[in-house]
Amino acid sequence: MSRRFTGALVAASVAGACWAARHRVPGGAERWERTNHRGETVSLLEGPAWAAGAVAGVAALGVPVRVRAGLAVATAGAALFGAVDDLVESGTHKGLRGHLGELAAGRLTTGGLKVLGIGVTSLAAAALLLRPTSPRDQGLHARPVRMESLIITGWEVGVAGALVAGAANLANLLDLRPGRVLKLAIASAAVAPASPAVAAAVGSSVSLLGPDLGERSMLGDCGANAAGALLGAALVARTADDGSRGRRLRAAVLTGVVALTVASERVSFTRVIESAPVLRELDALGRRPSQAS
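With this note's numbering applied, the sequence shown has no gaps in its numbers, which climb one by one up to 1118 at the end.
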């Protein structure tokens, strides 16, 4: 059994088990209920279930311990601070710009705490993922480590950490319709088919796609942030030993993430998706018709 399949299977099993046990959550499942875009009541417990599955899937991957640790820190950190914002949201401003504005004014809201917390855990994850990998870490079949990959600077860690945090925020911005982020996570397997970390994201997403599309649940900040952080961390892990090529790719992706984040302050992603026929059909695939009550 390949390490990718193992990670996906473990992630799917744990996510499904957590979702099935949602009624036994301490404090009551009602605390996690929210109103979706149709005005219907849904459960945010899909988010913790997705994150638990993904972290379990990462733990089952046949990759170096430090890589598993980095992926787990990115995912769990984003999930934790996202859950805090889901449960005890404070502050009147939304979005990254609003949260940063509150922080600049000296007010620490749950949104601001989420920005700071995910920023710190993303940097920690990047430091773990970019640490030079030795043949002893990788086993007998390791690829030769290039000298340039041994020189990890604070700048590189900063760029990689910003990429992980930015991806977490971007996924949350996209999570405005059922199934959208889960479909994105599943589709990422086509872009990075050899990435074990992506397999863990796919496993959790496939397991929870049914209740999400059926509008019984949604990822919330906890799940969406975790999904974005894991996909961002997967890219960092995949390019960690690629030297200057990997650095250029991470910088290019970060530039794209920042551009989309800035654009989201003025442009509705949902409106853009609905204006493009192919994107509109893919986005609506498996979802209830918009005119349904």
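We treat Cβ as the ideally placed atom computed from N, Cα and C, and that holds for glycine.
Within the same chain, show all residues whose beta-carbon is closer than 6 Å to that of residue i, passing over the 5 residues directly before and after it, in chain order.
| i | result |
| --- | --- |
| residue 839 | 877, 878 and 881 |
| residue 1049 | 996, 997, 1000 and 1006 |
| residue 843 | 874 and 877 |
| residue 948 | 986 |
| residue 835 | 881, 882 and 885 |
| residue 952 | 982 |
Measuring straight from C-alpha to C-alpha, what distance separates residue i and residue j?
| i | j | result |
| --- | --- | --- |
| residue 966 | residue 1074 | With a pLDDT of 41 at residue 966, under the threshold of 50, the modelled position of that residue is not reliable, and the figure given next carries that caveat. Cα to Cα, the separation comes out at about 25 Å. |
| residue 938 | residue 1097 | 30 Å |
| residue 1082 | residue 907 | 19 Å |
| residue 903 | residue 1047 | 7 Å |
| residue 1095 | residue 1029 | 24 Å |
| residue 1003 | residue 1065 | 33 Å |
| residue 1069 | residue 1016 | 21 Å |
| residue 858 | residue 871 | 11 Å |
| residue 974 | residue 1057 | Reliability of the predicted coordinates at residue 974 is poor, the pLDDT of 48 falling under 50, and no value is obtained from them. |
| residue 837 | residue 1027 | 8 Å |
| residue 933 | residue 911 | 16 Å |
| residue 1111 | residue 1042 | 15 Å |
| residue 891 | residue 1024 | 18 Å |
| residue 847 | residue 978 | 43 Å |
| residue 950 | residue 1107 | 32 Å |
| residue 1063 | residue 1022 | 9 Å |
| residue 895 | residue 1051 | 13 Å |
| residue 889 | residue 905 | 24 Å |
| residue 926 | residue 1109 | 34 Å |
| residue 1093 | residue 893 | 35 Å |
| residue 962 | residue 1031 | For residue 962, the pLDDT reaches just 46, beneath the cut-off of 50, and the residue's location in the model is therefore unreliable, although a value from the coordinates is still provided. Their backbone Cα atoms lie some 31 Å apart in a straight line. |
For the beta strand (DSSP E) holding residue i, just list the boundary residues, first then last.
| i | result |
| --- | --- |
| residue 860 | 858-860 |
With DSSP as the reference, please indicate the residues paired to residue i in a beta bridge.
| i | result |
| --- | --- |
| residue 867 | 859 |
| residue 1042 | 868 |
Which first and last residues belong to the alpha helix (DSSP H) in which residue i is found?
| i | result |
| --- | --- |
| residue 1018 | That residue, residue 1018, is in no alpha helix (DSSP H); it is neither H nor E in DSSP. |
| residue 1123 | Only positions 826 to 1118 of the chain appear in the structure, and residue 1123 is not among them; the question remains open. |
| residue 1103 | 1102-1109 |
| residue 1089 | 1068-1089 |
| residue 932 | First-last for residue 932: undefined, no H or E at that position. |
| residue 1000 | Element bounds for residue 1000: n/a, residue is neither H nor E. |
| residue 902 | 890-912 |
| residue 1065 | Element bounds for residue 1065: n/a, residue is neither H nor E. |
| residue 836 | 828-845 |
Spatial neighbours of residue i within its chain, please: CB distance less than 7 Å, with the 5 preceding and 5 following residues excluded, ordered by chain position.
| i | result |
| --- | --- |
| residue 1078 | 988 and 1060 |
| residue 981 | 955 and 1072 |
| residue 984 | 1075, 1076 and 1079 |
| residue 851 | none |
| residue 1033 | 840, 844, 871, 874, 875 and 1007 |
| residue 909 | 935, 938 and 939 |
With a CB to CB cut of under 8 Å and the five nearest residues on each side skipped, what residues in its chain are close to residue i?
| i | result |
| --- | --- |
| residue 1086 | 921, 991, 994, 995 and 998 |
| residue 831 | 885, 886 and 887 |
For residue i, verify whether its CB is less than 7 Å away from any heavy atom of the ligand FAD.
| i | result |
| --- | --- |
| residue 1005 | This structure lacks the ligand FAD; in fact it carries no ligand of any kind. |
Measuring only between beta-carbons, confirm whether residue i sits less than 8 Å from chain B.
| i | result |
| --- | --- |
| residue 1006 | In summary, chain B is missing from the structure at hand, where a single protein chain is found. |
Counting Cβ pairs closer than 8 Å, one from the segment 1026-1042 and one from the segment 890-899, do we hit at least three?
Cβ pair count under 8 Å is below three, so no.
Are the segment 939-948 and the segment 981-989 touching by the rule of at least three beta carbon pairs closer than 8 Å?
Output reads yes: the segment 981-989 touches the segment 939-948.
I'd like to know if the segment 1008-1023 and the segment 849-866 are in contact, where contact means that at least 3 CB-CB pairs between them fall below 8 Å.
no
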